[in-house]
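Residues in the sequence shown are numbered consecutively from 1, following UniProt numbering. Every residue, glycine too, gets a C-beta built ideally from N, C-alpha and C. Encoded as structure tokens, the structure appears first; notes follow it.
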Amino acid sequence: MLIIRMEDHSEKYDIMCYQNREILLIQSLHETEFFCWRGLLTKIATTPYATKDAWSFRAIRRKGVIFLCQFETEAERKRKENMSARDKLMTYWGYSFESYMTIDEPGTEPSTSSVVSRREEFATMCRGDLTAPDGSRLRLLYSAEIDAIDHAGGLVEMKTQRGELEGGFWRWKAPKWWMQSFLVGIKQIVVGHRNDNGYVRKLSCVNLDDLKASKQAQWRPEVMLALLSKVLHTIRINLLKEDDACIVEFQPGKTIIFLPTNIADKSDRGIILKKVMPDKEDFGFIDVVDLSKFH
């Protein structure tokens, strides 16, 4: 397992510097077809249960690999600009909880006095397969931010939650929690149950199987995975040649059905694919990654 310390949250990170550049790029990336971040996969997959959240990303085929890069939508930009002091404080509580729950070295104590920073994180690389609508394999390689590892080296996901896991949690948060952890093979989530003042009053461990099995869960993992595989498959069959590129976006409220399928199911309403010229668009991290030394 490769774990990397990152000093900012930018997707313009040259992960390729860790790869062997004397072989084919697709071989260096373990025969993957898609290269991206876990956050984008989660965003796509949870669309059926987050129908008010717009998203947008670019896809481009380079040296046999399709790179995906998410871009901030206008709605996301405005939401960040309009965050209240309370919203920012609650975000801080989450990062503070992680710092209280983790240590830098085994046998030491958590640092509760150091400044909480969002500019540093650890990321791991994960491989995964999905089954496409035509029965073929979709091979993925993606990076994911990790909160911690346990004493055995397993990945740990941490969350804070106001009060108990009830009400709107099961509709809005549970699908995202499940998908985030599923994609990196995490079986349990450590939850800090906080009050309105940000103080964690209780800790619990939530099993992924319990999340999806709960009677309160009005969502299904298979729906999310089916939509994710459908989106990736459609990108693959549209980007067949070197430098083929497209923009894929979700626009809440739109009735356009994801192209080029003719199956008018509700899960993909509002998802649009538009092919573009690669020299006319910004492709984020792939634009600053030097692929010239790969075959």
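Alpha carbon of residue i to alpha carbon of residue j, nearest angstrom
{"i": "LYS80", "j": "PHE35", "result": "27 angstroms"}
{"i": "ILE256", "j": "ARG38", "result": "A caution first: ILE256 carries a pLDDT of 40, below 50, which makes its placement in the model unreliable, though a value can still be read off. Approximately 26 angstroms, taken between the alpha carbons."}
{"i": "VAL223", "j": "ALA148", "result": "29 angstroms"}
{"i": "TYR92", "j": "LYS212", "result": "28 angstroms"}
{"i": "LEU232", "j": "ASP134", "result": "12 angstroms"}
{"i": "GLN180", "j": "THR42", "result": "6 angstroms"}
{"i": "LYS275", "j": "GLU33", "result": "18 angstroms"}
{"i": "GLY153", "j": "ARG220", "result": "30 angstroms"}
{"i": "ILE263", "j": "THR160", "result": "Only weak support exists for where ILE263 lies, its pLDDT of 41 falling under 50; the coordinates are left without a value."}
{"i": "THR112", "j": "GLU105", "result": "15 angstroms"}
{"i": "PRO260", "j": "HIS151", "result": "Unreliable placement is indicated for PRO260, whose pLDDT of 44 sits below 50; the coordinate value is still reported in the next sentence. Their backbone Cα atoms lie some 48 angstroms apart in a straight line."}
{"i": "PRO252", "j": "ALA123", "result": "31 angstroms"}
{"i": "GLU74", "j": "GLY107", "result": "46 angstroms"}
{"i": "ASP210", "j": "GLN218", "result": "13 angstroms"}
{"i": "LEU130", "j": "LYS230", "result": "10 angstroms"}
{"i": "GLY198", "j": "ALA85", "result": "14 angstroms"}
{"i": "VAL65", "j": "ARG194", "result": "43 angstroms"}
{"i": "VAL200", "j": "GLY168", "result": "20 angstroms"}
{"i": "LEU40", "j": "ALA144", "result": "10 angstroms"}
{"i": "TRP172", "j": "GLU76", "result": "17 angstroms"}
{"i": "LYS78", "j": "LEU165", "result": "29 angstroms"}
{"i": "MET277", "j": "LYS241", "result": "12 angstroms"}
{"i": "ALA174", "j": "GLU31", "result": "32 angstroms"}
{"i": "ASN82", "j": "THR51", "result": "21 angstroms"}
{"i": "ASP53", "j": "ARG162", "result": "22 angstroms"}
{"i": "GLY270", "j": "ASP279", "result": "26 angstroms"}
Residue i, buried or exposed, once every other Cβ within 10 Å from all chains shown has been counted against 16
{"i": "LEU140", "result": "buried"}
{"i": "THR234", "result": "buried"}
{"i": "ALA226", "result": "buried"}
{"i": "THR47", "result": "buried"}
{"i": "TYR142", "result": "buried"}
{"i": "CYS205", "result": "exposed"}
{"i": "GLN70", "result": "buried"}
{"i": "MET158", "result": "buried"}
{"i": "ARG61", "result": "buried"}
{"i": "VAL115", "result": "exposed"}
{"i": "ARG137", "result": "exposed"}
{"i": "TYR49", "result": "buried"}
{"i": "PHE258", "result": "The predicted model places PHE258 with a pLDDT of 49, which falls under 50 and marks its position as unreliable; any figure quoted below should be read in that light. Label assigned to PHE258: buried."}
{"i": "LEU89", "result": "exposed"}
{"i": "LEU239", "result": "buried"}
When the options are compared against residue i, the one with the closest alpha-carbon
{"i": "ALA245", "options": "LEU40, TYR49 and PHE67", "result": "PHE67"}
{"i": "LEU183", "options": "CYS126, GLY153 and PHE250", "result": "CYS126"}
{"i": "ILE237", "options": "ALA123, ALA132 and GLU31", "result": "ALA132"}
{"i": "ASP196", "options": "ASP87, PRO106 and GLN216", "result": "ASP87"}
{"i": "GLU109", "options": "VAL115, SER99 and LEU165", "result": "SER99"}
{"i": "TRP170", "options": "THR112, ARG61, ILE271 and GLN216", "result": "GLN216"}
{"i": "LYS63", "options": "SER84, ASP243 and PRO278", "result": "ASP243"}
{"i": "VAL156", "options": "GLY168, THR102 and LEU40", "result": "THR102"}
{"i": "LEU228", "options": "GLU31, THR32 and ILE44", "result": "ILE44"}
{"i": "GLY192", "options": "GLY94, TRP178 and GLN251", "result": "GLY94"}
{"i": "VAL248", "options": "GLU31, GLU72 and VAL65", "result": "GLU72"}
{"i": "ILE272", "options": "ASP279, PHE250 and PRO278", "result": "PHE250"}
{"i": "ILE146", "options": "TRP172, VAL190 and GLY168", "result": "VAL190"}
{"i": "TRP178", "options": "ARG162, SER214, THR51 and LEU203", "result": "SER214"}
{"i": "GLY185", "options": "ASP279, SER96 and GLY128", "result": "GLY128"}
{"i": "LYS202", "options": "MET83, ALA174, ASP279 and PHE97", "result": "PHE97"}
Cβ-heavy atom distance, residue i to the ligand HEM, below 8 angstroms
{"i": "MET90", "result": "In the structure shown, the ligand HEM is absent, as is every other ligand, since no ligand is present at all."}
Cβ separation of residue i and residue j, assumed to be a contact under 8 angstroms, to the nearest whole Å
{"i": "LEU208", "j": "LYS176", "result": "With 8 angstroms as the limit, LEU208 and LYS176 do not qualify as a contact, their Cβ atoms being about 12 angstroms apart."}
(request) Give a yes or no on contact between the region 47-58 and the region 108-123, applying the rule of three or more CB pairs nearer than 8 angstroms. (result) The region 47-58 vs the region 108-123: no contact.
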